[in-house]
Amino acid sequence: MSFESESTRRLREQFAAIPRSRDPAGGCPDADRIWAAVTGELSAEETGLLVDHTLVCSECAEAWRLALEIARPSESLEGSAQPQPRHRFWSSPWIPLAAAAALVLLVLVPALVLRESAPSDPVLRGSDNEIESLLEDGALLPRDDFVLRWSPGPEGATYRLTVTTAGLDLLLERRELAEPAFRVPPEALSGVADGERVYWRVEAAAPDGSVIESPVFRAGVQ
Amino acid sequence: MIRSEQPRGREEATLLRSEDSSAPLTALRARLDRAVRAICPPDLLANRDDLVQEAMLRVMHGHEGNREFNTSYLRKAAYCALVDEIRKRRRWREESVEEETAATPFRSASPNPERIAAGHETGEAIRRCLLALIASRRRAVTLYLQGHRVPEVARLLDWGVKKAENLVFRGMADLRKCLSSRGVRP
Chain A
52 MSFESESTRR LREQFAAIPR SRDPAGGCPD ADRIWAAVTG ELSAEETGLL
102 VDHTLVCSEC AEAWRLALEI ARPSESLEGS AQPQPRHRFW SSPWIPLAAA
152 AALVLLVLVP ALVLRESAPS DPVLRGSDNE IESLLEDGAL LPRDDFVLRW
202 SPGPEGATYR LTVTTAGLDL LLERRELAEP AFRVPPEALS GVADGERVYW
252 RVEAAAPDGS VIESPVFRAG VQ
Chain B
1203 MIRSEQPRGR EEATLLRSED SSAPLTALRA RLDRAVRAIC PPDLLANRDD
1253 LVQEAMLRVM HGHEGNREFN TSYLRKAAYC ALVDEIRKRR RWREESVEEE
1303 TAATPFRSAS PNPERIAAGH ETGEAIRRCL LALIASRRRA VTLYLQGHRV
1353 PEVARLLDWG VKKAENLVFR GMADLRKCLS SRGVRP
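So the protein sequences, as listed, match chains A and B.
The working numbering numbers the first residue of the first sequence as 52 and each following residue consecutively.
The working numbering numbers the first residue of the second sequence as 1203 and each following residue consecutively.
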C-alpha cells in the first residue's frame, strides 16, 4: 500500500530540510549501527530508539536516508546484492495465498454471523471491540453508488466516517452517523480517477463514551 | 581559515575510477554517487566527487589483496566510510571561523533566503509535531517520511503490514492535523 501523493512528497522534502541539528545529549550512533538498523539487522526496540534519535539529530536522519539509498536494491545498478533482512516473511510466495485466506475469513465470517443471528436479531452486532468493513478490501465501487458498510458497534453507537485519497487528502468526513453505512456523494469523489483507490475508516462512539477505531480500509472508484 | 578538503591519493583515486574493471566496484561507485547527489545538502554536494572517491579509497584500502567482493559488505563498508567522511568534514567546517560565520547548509541550493527560512520553519514544525505523537505512530511516520515503504516499516519495527499501515495512516493524519493547527500547510 502506498500513501504517496504530491502532498506526501512535499512533506518528505520538508522533513529532509529540517534545520541542521545534533542530539544535544550527544552520542550519535556509529555509521555501521545506522546501517544495521536500516537493513533490519537490529531488534525492533533498538531500531525504534535510533528512529527517535533521528528526530532530534538531523545529521543522523541524513545518514539514515543515505543508508536507505545505498542499501535499497536497484536492478538498474546491481541485481545480485540485497541487504539481508531480519525477516523475509513479506517476500514469501505464500503471502498472496495467506492474504486471500485472511480476506475470506474477514469477509465471510461476519456474513455467516449475520446469517445465523438473523432470526433473533435482524441487525448484525459485531464484536464490541472491533469495527470491520463489510466490503471486500479494495473492492471497486461505482462512483454514483459508492456505499461503504461496516459492522455495527455497540447498541446506540454513532459513527464518524473519514474518507481520504491515497495521499491522505481528505475527501469526506461525516460525524454522528446513526447507521453503519454511508453513501459517499459522487461530488466528493470527483477528484478521484477511475480505478484509483480511496482509504476509509470509522470511529464508533458508544453511549458510554468509549470509542472504537476501525482499521483503515480500501475501496476502488469506478 | 578554510581547511583543505583534498582527498588523499587523488591519482590513485582517479586510477580506481577510470581503470578498475571490477564491475561491483564500478556499480558501487555509481550507487554512492547517486546517493550523495540525492540525499546530501548542497554544502556537501560541492565536494561530492571527493567524498565518493574518499569512501571508495577507504573501501579499497580495506580490501587490498582481496578480489572476492561481497556486494552487500562492500556497500556497508562504503557507506560507513562515506558517513565518517561527511561527519569529519562537517567538524572541520565547524572549527573554521570563516565557515562558521557563513554556515547555512542550504544557502547554495536557493538564492531566496525567505524560502529557506520558510522551509526551516516548516521542517521544525514537522519535527515538533512528530515528537508529540505517541511512540508507535511517531516511529512509523518518521520511517515513512525518511523514505521507507510500509512493508519496510513493518519489517524494521517487527509489526504486521496491516498494523504498520494503520500506524502510518493515523500518524500521517495526526501530523497533518498538528501542522494545520500551527498554521503550516505542507
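Every residue gets a Cβ at the ideal spot worked out from N, C-alpha and C, and that includes glycine.
Exposure of ARG1339 of chain B, with buried meaning 16 or more beta-carbon neighbours within 10 Å: Buried, by the Cβ-count rule.
C-beta neighbour in chain B for GLN273 of chain A, strict 8 Å: no
Whether LEU106 of chain A touches LEU1335 of chain B by CB criterion (8 Å): Result no, Cβ atoms of LEU106 of chain A and LEU1335 of chain B do not sit closer than 8 Å.
CB contact check: VAL1299 of chain B to chain A, cutoff 8 Å: The predicted position of VAL1299 of chain B is uncertain, since its pLDDT is 49 and thus under 50; a value taken from the coordinates is nonetheless stated next. Contact of VAL1299 of chain B with chain A is not assigned, every C-beta pair being separated by 8 Å or more.
Between the CA atoms of GLU206 of chain A and CYS1380 of chain B - distance to the nearest angstrom: Separation of CYS1380 of chain B and GLU206 of chain A (C-alpha to C-alpha, rounded to the nearest whole angstrom) is 33 Å.
Three-pair Cβ contact test at 8 Å for the region 1275–1283 of chain B versus the region 75–94 of chain A: yes
Bounding residues of the alpha helix (DSSP H) (the contiguous stretch that carries ARG1357 of chain B): 1352–1358
6 Å Cβ shell around LEU192 of chain A - same chain, five flanking residues per side excluded: ALA270
Neighbour flag for ASP1376 of chain B against chain A, beta carbons, 8 Å: no
Supposed close pair ARG252 of chain A, PRO266 of chain A - CB separation, criterion 8 Å: 7 Å
Cβ-heavy atom distance, PRO266 of chain A to the ligand ZN, below 7 Å: Of ligands this structure carries none, so the ligand ZN is not represented either.
Unbroken beta strand (DSSP E) run spanning GLY1373 of chain B, endpoints: Segment 1363–1383 is the alpha helix (DSSP H) holding GLY1373 of chain B; no beta strand (DSSP E) there.
Best match in A:GLU238, A:ALA232, A:GLU113 for proximity to GLY204 of chain A [C-alpha to C-alpha]: A:ALA232
Local Cβ density within 10 Å of SER1383 of chain B, reported as buried at 16 or more and exposed below that: exposed
Proximity below 8 Å, CB of GLY1325 of chain B to CB of ARG116 of chain A: At least 8 Å separates the beta-carbon of GLY1325 of chain B from that of ARG116 of chain A.
The beta strand (DSSP E) enclosing GLY271 of chain A, as first and last residue numbers: 268–272
Three-state secondary structure (DSSP) of VAL243 of chain A: coil
Nearest residue (CA-CA) to ARG1250 of chain B, options B:ALA1232, B:VAL1261, B:MET1262: For the residues B:ALA1232, B:VAL1261, B:MET1262, the minimum Cα distance to ARG1250 of chain B belongs to B:ALA1232.
Chain B within 8 Å of ILE263 of chain A, Cβ atoms only: no
Within-8 Å CB hit, LEU1247 of chain B to chain A: no
Cβ-based neighbour list, TYR210 of chain A, same chain, cut-off 6 Å, excluding 5 preceding and 5 following: LEU228, VAL253, ALA255
Chain-ordered neighbours of VAL243 of chain A on chain B, where CB pairs are closer than 9 Å: None at all; the shortest Cβ gap to chain B is about 17 Å.
Nearest to SER184 of chain A (by Cα), restricted to the options A:LEU100, A:PRO258, A:TYR250, A:ASP195: A:TYR250
Beta carbon of VAL1254 of chain B nearer than 8 Å to that of LEU1234 of chain B: yes
Proximity below 8 Å, CB of SER65 of chain A to CB of ILE1328 of chain B: Checking the sequence, you will find Gln at residue 65 of chain A rather than Ser. Contact flag set, yes.
Residue-level contact to chain A via CB, ASP1286 of chain B, 8 Å cutoff: So, interface residue.
Beta-carbon contacts of LEU1358 of chain B that lie in its chain and below 8 Å, excluding the five residues immediately before and after: LEU1345, HIS1350
Beta strand (DSSP E) segment containing GLU227 of chain A, residue limits: 221–228
Cα-Cα separation between ARG1378 of chain B and GLU110 of chain A, rounded to whole angstroms: 24 Å
LEU1284 of chain B to LEU1369 of chain B span [Cα, whole Å]: 33 Å
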